[in-house]
Amino acid sequence: MPPRSRAQALSPKVSNAVPMPKLKKVMFAAAVEASQILLKHFGKIDKVIKKGETDLVTIADKQSEAVIIRCIRDAFPDHGILGEESGQVEGGEDSDFCWVVDPLDGTTNFAHSVPIFSISIAVTYKGKIQMGLVADVPRGEWYFAQLGGGAFVYKRQDNKFAPAKRIQVSQAKTLGDSLIITGFPHSRREHADKLLRGLRAMFMTSRGILRLGSAAIDLCWVACGRGDAFYEPHLQPWDIAAGALIVREAGGKATEFDGKTIEKPGHNVMATNGFIHKELLREVCGAWDEGK
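Residue numbers (our numbering): 37 to 328.
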């Protein structure tokens, strides 16, 4: 368990339902155990299964998710769980709590021995994201946020966590001064023209474009100011549940492409430092909607 941050307590209704420190403890414990599995398999994957034209899954995804689900079930047997590989896990359907789990975000990178991948775990209460953790496993950067409590990063090295450091979004005021992070969804072939129009808009207006291959890390890089914005269409709840909360708690903004707040994570997602949000929405959505 990492040292405590100065995060504020959640609402009394949530705190009375489940002690918040226990939620955080279980979240970190599950991610620590899962991260050990990922590191054990990294660089040694010899079998990759195709879930679709461009979507992969490995034994590491499955083992990581199994460990996370076990840790959650042991501590909170009545909670709901939504996992990338398992879908809605049986049990917990009537609970106000639901854990949203991506056991390996960046599977393509992982399968090709590219050290950019993460674990993403979030907890929702009555449909609203309350707590999120993104573990950037290769770099040992563990990003955490709690609703109303700010966003933090813990450095993990030699199986130990350093004290948390608060993170904030950047201060870039225009697209011309901004590094834009993007990603390509599994449906990229179907939407190639729209995606390329969006990229062209960024070529013409931004300082630079970056593609990492892990939406959870992309969001955390916006939260800590390494990037100024991130956008990607057709994401799933487990891709961004934790990261979107971390961005907002770091002072940024996370919405759908139509500018509406992400109430239930997923779909077309844009996250920025807040300053460039309207400008980026205009450029990306204009390109995305062109030629409908």
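Note that CB positions come from ideal geometry on N, CA and C, so glycine has one too.
Since this is a predicted model, take the numbers as computed values, not measurements.
Item                                                                                                          : Value
For Ala290 and Arg284, believed in contact at Cβ under 8 angstroms, the rounded distance                      : 6 angstroms
Inside the stretch 193 to 269 only - beta strand (DSSP E) runs reaching at least 3 residues                   : 215 to 218 and 244 to 246
6 angstroms Cβ shell around Gln124 - same chain, five flanking residues per side excluded                     : Leu118
Beta-carbon proximity list for Ala323, same chain, < 6 angstroms, skipping 5 on both sides                    : Arg233, Gly234 and Ala237
Meets three-Cβ-pair contact criterion under 8 angstroms: the stretch 155 to 173 and the stretch 128 to 139    : yes
Alpha-carbon to alpha-carbon, Ser214 and Gln207                                                               : 9 angstroms
Distance between Gly163 and Leu248 (C-alpha atoms, nearest Å)                                                 : 29 angstroms
Three-state secondary structure (DSSP) of His303                                                              : strand
Three-state secondary structure assigned by DSSP to Gln72                                                     : helix
Three or more C-beta pairs below 8 angstroms linking the stretch 191 to 200 and the stretch 249 to 258        : no
Integer Cβ distance of Ile73 from Val103, believed to fall under 8 angstroms                                  : 6 angstroms
Pro273 beta carbon less than 9 angstroms from that of Pro221                                                  : no
Every unbroken alpha helix (DSSP H) inside the stretch 114 to 142 [4 residues or more]                        : none
Arg192 burial status per 10 Å Cβ neighbour count (16 or more: buried)                                         : buried
Gly219 beta carbon less than 9 angstroms from that of Phe266                                                  : yes
Same chain only: Cβ atoms within 7 angstroms of Ser131, ignoring 5 sequence neighbours per side               : Asp114, His115 and Gly116
Outcome for Glu126 when other beta-carbon atoms lying within 10 angstroms are tallied against a minimum of 16 : exposed
N- and C-terminal bounds of the beta strand (DSSP E) containing Lys164                                        : Lys164 to Asp172
Reduced DSSP secondary structure (H/G/I, E/B, other) of Ala111                                                : helix
Ser156 - DSSP class collapsed to helix/strand/coil                                                            : strand
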